[in-house]
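Participant:
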Amino acid sequence: MPPGSFFERHESVRSLAHRDFRMLLAGATLTGLVMPIQFLTQVFWVQEEYPERSVLYVGLIAVSRGSAMLIFSLIGGAIADRFERRRVLLACAATACGLSGLVSALMLYNPFGQAAMAALLCLTFLAAAAMAIDVPARTASIPAVVGMEDMGNAISLNMVAQQLTIPLSLPLVGFLNSILEPGQVYAGTLLAWAAILPLLAALQFRSVGSANRALSMLGNIREGLAYTRRDAAIFGVIAMVLALQVVGMPGPATLGPLWMTEVLGLSRSEFGLMAMTWGIGAFVGSFFFARQQGLGRRGSSLCVMTLVFAVSAIVFGHSRFIPLTAAANFTLGFAQVGAMVTAATVVQHLVRDEMRGRVMGLFPLAMGMAMLNAGPVSAVGQALGLEVVVPALGWALLGIALLITFGLPELRRAHPAILNRAPGSQPA
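In this note's numbering, the protein residues as written are 6 to 433.
Right under this line is the structure:
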């Protein structure tokens, strides 16, 4: 029996009936497994090589990643709309593999002495830039790979894969770094790229960006931003994603570990159990939206999930009762996944194909802004106290989400019956 026949009969995994999507998902899963291992292994290496400046240097690594995401997400969107997207994916993966090899050599042999940190920051910046270019090309390819009908399921399964890799990678990176040197662990991640590159090379779909090549790259970016601003529904989706990432996430995510240990007084082992509730909620949310595809195509679902996230963040910030905090953390994970699945699905249905990469490039832009915002939020938390800042961020998100929900009725009115403006891309 062909693999596609099995998947077609099961609603929750039917996008896996498409051969190229299975390969894309396998590659994305391996990438999702490798990225946390590489980042945390860099942290361990910095702690060993620069123990007196480890906090500063780890922060600089995060800034280099965030700034690259911020700068190159719009460029990546324009690239996805100007070139053959399958080739863009392969070029990004090959670049990431090469950069990983250079970082491995740097960590193993440290040929630059005290200047090695500057080299690591440059390589980290370039690797994050490759990722920022990869994301819009990958997401813009999905309609050509699975078709519009299975797109929501494909986005949800990508989320499922992400939720599976995180709990696998965290204990794995701890174990590997306990028995090997950080440079050896980082070099071992090259094995994943040895599998990812053949998977991408075997893809057969064609999805060629149709942006106006008479314009410069900068002109294409301006055109994409103007298009996003003119379309009230798409603008509402992007505004909601920015609010969630930049305002909503820093409280429970960035400051969450400090909140749980310093304010709630949890031990490290208790913190680990509490953190699991977010992951469980996200995992449940991924499967829920994989099965309930109709909900994932509604703008009102995005509004509801963002409001649920905001209310949960408020409860998280005011609660001192451990079971209530755990329930709020579970709901935060569920709502965050639900919001991101519905946001991506609604935009994919609404956007014109020639604008798809540039609009989808705004999602990694939001991630980059969230990474860079972690510094100011932490500084304010240090100055005013976590007890003030964490709940205040939840209340701020609630206010912004309500303004977007009621200020842009086109967003909440978007539903499957009208999500037909995008060309009906069919899988190759």
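All residues carry an ideal CB built from backbone N, CA and C; glycine is no exception.
As the structure is a computational prediction, the values presented were derived from the model and not from experiment.
S272 and R417 - do their beta-carbons sit closer together than 7 Å?
Facilitator: no
Participant: Going by DSSP, what residue range makes up the alpha helix (DSSP H) through Y232?
Facilitator: Per DSSP, the unbroken alpha helix (DSSP H) holding Y232 starts and ends at 222-235.
Participant: Who are the near neighbours of T36 in its chain, counting only those whose CB is closer than 6 Å to its CB and skipping five residues on each side?
Facilitator: none
Participant: Is Y62 buried or exposed, if buried means 16 or more other CB atoms sit within 10 Å of its CB?
Facilitator: buried
Participant: Quick test of the definition: if touching needs 3 or more C-beta pairs under 8 Å, does the region 280-300 touch the region 322-340?
Facilitator: With three or more CB-CB distances shorter than 8 Å, the region 280-300 counts as touching the region 322-340.
Participant: Is R363 closer than 7 Å to G82 when the C-beta atoms are compared?
Facilitator: yes
Participant: Tell me the residue span of the alpha helix (DSSP H) that contains T259.
Facilitator: Here T259 belongs to no alpha helix (DSSP H), and DSSP marks it neither H nor E.
Participant: Between which two residues does the alpha helix (DSSP H) containing Y114 stretch?
Facilitator: The continuous alpha helix (DSSP H) containing Y114 extends over residues 90-114.
Participant: CB-CB under 7 Å to A331, same chain, minus the five flanking residues each way: which ones, in chain order?
Facilitator: M279, T282
Participant: Tell me which residues share the same chain as N115 and place their Cβ nearer than 6 Å to its Cβ, disregarding the 5 neighbours each side in the sequence.
Facilitator: A121
Participant: Under the rule that 16 or more other beta-carbon atoms within 10 Å means buried, what is P176, buried or exposed?
Facilitator: exposed
Participant: Between which two residues does the alpha helix (DSSP H) holding F411 run?
Facilitator: 391-412
Participant: Answer yes if the region 306-326 comes into contact with the region 246-259, meaning at least three C-beta pairs across the two stretches below 8 Å, and no otherwise.
Facilitator: yes
Participant: Please state whether DSSP places V356 in a helix, a strand or coil.
Facilitator: coil
Participant: What number of angstroms, rounded off, separates the C-alpha of Q119 from the C-alpha of V309?
Facilitator: 50 Å
Participant: Measuring CA to CA, which of G390, L391, L370 is closest to A134?
Facilitator: L370
Participant: Less than 8 Å between the CB atoms is what I'm expecting for G399 and G343, so what's the real figure, rounded?
Facilitator: Incorrect: roughly 17 Å between the Cβ atoms, too far for contact.
Participant: Hey, out of P56, R91, F44, whose CA is closest to V68's CA?
Facilitator: F44
Participant: Is A433 helix, strand or coil by DSSP?
Facilitator: Because A433 sits at a pLDDT of 45, beneath the cut-off of 50, its placement in the model cannot be relied upon, and the point is left open.
Participant: So does the region 139-150 actually touch the region 198-215, counting three or more Cβ pairs closer than 8 Å?
Facilitator: yes
Participant: Taking the continuous alpha helix (DSSP H) assigned at M310, which residues delimit it?
Facilitator: 304-323
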